[in-house]
Amino acid sequence: MSTAHHPAHRPPRSLRQTIRPGVLWLHRWLGLTLGLVLVLAGLSGSLLVFHHELDAELNPRLMHNAVPCVAPLDVAGVVASLQRVWPQARVSSVYLPSHAGASYGLYFKSPGVADNEAMLDSCSGALLGSRDREEVGLDAAHLVPTLLRWHDSLLQGKTGRAALGWLALAWVALLIAGLLLAWPTPNSTPGWKRALRVNWRQNAYRSHFDLHRSAGLLAIVLMLVVAATGFYNGLPELGRALVGQLTPVSAAHRGIAMPAVQKGVATISWNDARAIAEQHLSDGAVLLALQRLPDRGLYQVRLRRADDWQRTGTLRLLIDIRSGAVIETVNPLAGTGGDRFLASLFPLHSGQFGGAIGRWLMVIAGLLPALFFITGLSTWVLRRRRKNV
Numbered sequence: 001m002s003t004a005h006h007p008a009h010r011p012p013r014s015l016r017q018t019i020r021p022g023v024l025w026l027h028r029w030l031g032l033t034l035g036l037v038l039v040l041a042g043l044s045g046s047l048l049v050f051h052h053e054l055d056a057e058l059n060p061r062l063m064h065n066a067v068p069c070v071a072p073l074d075v076a077g078v079v080a081s082l083q084r085v086w087p088q089a090r091v092s093s094v095y096l097p098s099h100a101g102a103s104y105g106l107y108f109k110s111p112g113v114a115d116n117e118a119m120l121d122s123c124s125g126a127l128l129g130s131r132d133r134e135e136v137g138l139d140a141a142h143l144v145p146t147l148l149r150w151h152d153s154l155l156q157g158k159t160g161r162a163a164l165g166w167l168a169l170a171w172v173a174l175l176i177a178g179l180l181l182a183w184p185t186p187n188s189t190p191g192w193k194r195a196l197r198v199n200w201r202q203n204a205y206r207s208h209f210d211l212h213r214s215a216g217l218l219a220i221v222l223m224l225v226v227a228a229t230g231f232y233n234g235l236p237e238l239g240r241a242l243v244g245q246l247t248p249v250s251a252a253h254r255g256i257a258m259p260a261v262q263k264g265v266a267t268i269s270w271n272d273a274r275a276i277a278e279q280h281l282s283d284g285a286v287l288l289a290l291q292r293l294p295d296r297g298l299y300q301v302r303l304r305r306a307d308d309w310q311r312t313g314t315l316r317l318l319i320d321i322r323s324g325a326v327i328e329t330v331n332p333l334a335g336t337g338g339d340r341f342l343a344s345l346f347p348l349h350s351g352q353f354g355g356a357i358g359r360w361l362m363v364i365a366g367l368l369p370a371l372f373f374i375t376g377l378s379t380w381v382l383r384r385r386r387k388n389v
């Protein structure tokens, strides 16, 4: 009597086992194709956490007055000083001195002049220097503007900025795939110990793999914050629309406009706009900058609240350039939950949220893509070598 041979019954594969090959493929090839750009973006981001300090250190003669004074020039006076140097200059923005002894910063355009940013002594109005913020260069004057433009848009303007937004979204997918691959077996304490441990006594492949996995598990939340906020910075309209599906969000202030100023129509002065803005200072708010927007019929005044999350301020006043009436107060920190959430994203990404701890966390976050790219690439190369032996 013979008995039929039945193959051993295999337990059904779990969902995790089923999707693992696809997740591994996604993680590997996203990492290899996007890794170098992420490394360069991360390294530049680490430097830019301190970009104000770095720019001031590299260009002290531009950022500080030649001699101290008791009464700085008013805004109209410093604009007039610039126009004595370049009579046809049209000033678009004035950044007020950030502290005693600091210079004024003006953005302008003038026919035949390549430079578009000038720093003027806040006491005498003397021109301390100027530069073209669009010029790509690694000299002292252009290093920080170049890094800012690279990190913000890959030096490609709006197109590059949008591309970085989509890149950040792909980075989120890369990180989630890595998390799924590295996550230990559920309810397994030994699994977590192994996942977070790096054994340097084993072969190079295992050591590099362990470092890649353990560092990824430890840094995953930080990396997801950087990637998600980077997505919003690159594609703010899409990010705002997505958040608006979940919670109420106020209309973007960039859409607010009055009729454009026609030639010969009287407008309020820079000093008038500042005086109007100062009437709205309360609770320790500080006036930072004024922007003249004749095409939108407005002055936009930037202020920083005492409890602000952002060094450059989140509070805005929109003033009618003709009548001086305050058209809109943009104050996201006093807005809806969605407004506050959106207002937190740039400070989080730039390290301005959370004081010194937030800044140094973003410095570390900027260095991590290099660690992951190097260990991921070396793990892949070493694994291929082992297969070919």
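Okay, so the sequence shown: first residue is 1 according to the UniProt record's numbering, each after it adds one.
Note that CB positions come from ideal geometry on N, CA and C, so glycine has one too.
Please report the Cβ distance between residue 366 and residue 46, rounded to the nearest whole angstrom; I am assuming they are in contact, meaning their Cβ atoms lie under 8 Å.
Reading the sequence shown from its first residue, position 366 is the one you call residue 366. Reading the sequence shown from its first residue, position 46 is the one you call residue 46. Confirmed, Cβ separation roughly 3 Å.
4 or more residues per run - each alpha helix (DSSP H) lying fully within the segment 177-241:
189-195, 204-234
Tell me whether the beta-carbon of residue 101 lies closer than 7 Å to the beta-carbon of residue 68.
Here the question's residue 101 lines up with position 101 in the sequence shown. Here the question's residue 68 lines up with position 68 in the sequence shown. Contact: yes.
My parser needs the beta strand (DSSP E) runs of 3 or more residues fully inside the segment 267-312; what are they?
286-293, 298-304
Pick helix, strand or coil for residue 256, following the three-state DSSP scheme.
Position 256 of the sequence shown, counted from the first residue, corresponds to residue 256. Looking at residue 256 - three-state DSSP - the assignment turns out to be coil, as it is neither helix nor strand.
Go ahead and pull the three-state DSSP assignment for residue 329.
Taking the first residue of the sequence shown as position 1, residue 329 is located at position 329. Reduced to three states, the DSSP call for residue 329 is strand.
C-beta atoms of residue 65 and residue 130 nearer than 7 Å
Residue 65 sits at position 65 when you count from the first residue of the sequence shown. Residue 130 sits at position 130 when you count from the first residue of the sequence shown. Not in contact: residue 65 and residue 130 (Cβ atoms no closer than 7 Å).
Residue(s) in a DSSP beta bridge with residue 172
What you label residue 172 is simply residue 172 of the sequence shown in a count that begins at 1. In DSSP, residue 172 forms no bridge with anything.
Contact under 7 Å by Cβ, residue 192 with residue 184
The residue labelled residue 192 in the question sits at position 192 within the sequence shown. The residue labelled residue 184 in the question sits at position 184 within the sequence shown. Yes. Within cutoff.
Where do the ends of the beta strand (DSSP E) carrying residue 135 lie?
Taking the sequence shown and counting its residues from 1, one reaches residue 135 at position 135. From DSSP, residue 135 is part of no beta strand (DSSP E); its letter is neither H nor E.
Could you give the DSSP three-state label for residue 321: helix, strand or coil?
Position 321 of the sequence shown holds residue 321. Residue 321: coil per DSSP, three-state reduction.
Own chain residues within Cβ distance below 6 Å of residue 2, not counting five before or after:
The residue labelled residue 2 in the question sits at position 2 within the sequence shown. Per-residue confidence for residue 2 stands at a pLDDT of 47, beneath the threshold of 50, marking its modelled position as unreliable; the derived number appears in the next sentence. Answer for residue 2: no residue qualifies.
Sub-7 Å separation of residue 319 and residue 330 beta-carbons:
Taking the first residue of the sequence shown as 1, we reach residue 319 at position 319. Taking the first residue of the sequence shown as 1, we reach residue 330 at position 330. The answer is no: Cβ separation not under 7 Å.
Sequence-distant residues of the same chain with beta carbon closer than 8 Å to residue 90, five excluded per side
Here residue 90 is taken as the residue at index 90 of the sequence shown, counted from 1. Hits under 8 Å: 108, 109, 110.
On a Cα-Cα basis, can you pick out the residue from 22, 26, 35 that is closest to residue 372?
By one-based count along the sequence shown, residue 372 stands at place 372. Selected option, being the one with the closest Cα: 35.
Just to confirm the assignment: which complete beta strand (DSSP E) runs, minimum length 3, are found wholly within the segment 67-149?
90-95, 104-109, 117-120, 127-131
For residue 58, three-class secondary structure by DSSP
Within the sequence shown, the letter at position 58 stands for residue 58. Here residue 58 sits in helix by DSSP.
Residue(s) in a DSSP beta bridge with residue 315:
Position 315 of the sequence shown holds residue 315. Note: residue 315 sits in a beta bridge opposite 303.
Endpoints, alpha helix (DSSP H) assigned at residue 42:
As a working mapping, residue 42 is identified with position 42 in the sequence shown. Per DSSP, residue 42 belongs to the alpha helix (DSSP H) from 15-48.
For the putative contact between residue 205 and residue 386, defined by C-beta atoms under 8 Å, what is the C-beta separation to the nearest angstrom?
The sequence position of residue 205 within the sequence shown is 205, counting from 1. The sequence position of residue 386 within the sequence shown is 386, counting from 1. Right, the Cβ-Cβ distance comes to about 6 Å (below 8 Å), so this counts as a contact.
How is the alpha helix (DSSP H) around residue 346 delimited, first residue to last?
Your numbering for residue 346 matches position 346 in the sequence shown. From DSSP, the alpha helix (DSSP H) with residue 346 extends over 337-350.
Buried or exposed for residue 321, going by 16 or more other Cβ atoms inside 10 Å?
Here residue 321 is taken as the residue at index 321 of the sequence shown, counted from 1. Buried, by the Cβ-count rule.
Do you know offhand how far residue 103's Cα is from residue 96's?
Indexing the sequence shown from 1 puts residue 103 at position 103. Indexing the sequence shown from 1 puts residue 96 at position 96. Cα to Cα, residue 103 sits roughly 8 Å from residue 96.
To the nearest angstrom, report how far apart residue 54 and residue 190 are at their CA atoms.
Along the sequence shown, read from residue 1 onward, the residue named residue 54 stands at position 54. Along the sequence shown, read from residue 1 onward, the residue named residue 190 stands at position 190. If you take the alpha carbons of residue 54 and residue 190, they lie about 46 Å apart.
Burial state of residue 117 (16 or more Cβ within 10 Å)
Within the sequence shown, numbered from 1, the residue matching residue 117 stands at position 117. Buried, since its Cβ has 16 or more Cβ neighbours within 10 Å.
Under a Cβ-count criterion, where at least 16 other Cβ atoms within 10 Å of its own Cβ denotes burial, should residue 392 be classed as buried or exposed?
Nothing can be reported for residue 392, as the shown portion of the chain is limited to 1 through 389.
CB-CB under 6 Å to residue 197, same chain, minus the five flanking residues each way: which ones, in chain order?
Stepping through the sequence shown from its first residue, residue 197 is reached at position 197. None.
Can you give the Cα-Cα distance for residue 150 and residue 167, rounded to whole angstroms?
If you number the sequence shown from 1, residue 150 lands on position 150. If you number the sequence shown from 1, residue 167 lands on position 167. Rounded to the nearest angstrom, the two C-alpha atoms are 14 Å apart.
Burial state of residue 349, where buried means 16 or more other Cβ atoms lie within 10 Å
Within the sequence shown, residue 349 is the residue found at index 349, counting from 1. Burial call: buried.
Could you give the distance in angstroms between the alpha-carbon of residue 170 and the alpha-carbon of residue 44?
Here residue 170 refers to the residue found at position 170 when the sequence shown is read from its first residue. Here residue 44 refers to the residue found at position 44 when the sequence shown is read from its first residue. If you take the alpha carbons of residue 170 and residue 44, they lie about 19 Å apart.
Between residue 390 and the rest of its own chain, which residues show a CB-CB distance below 6 Å, the 5 nearest in sequence each way excluded?
A query on residue 390 cannot be resolved here, the shown segment of the chain reaching from 1 to 389 and no further.
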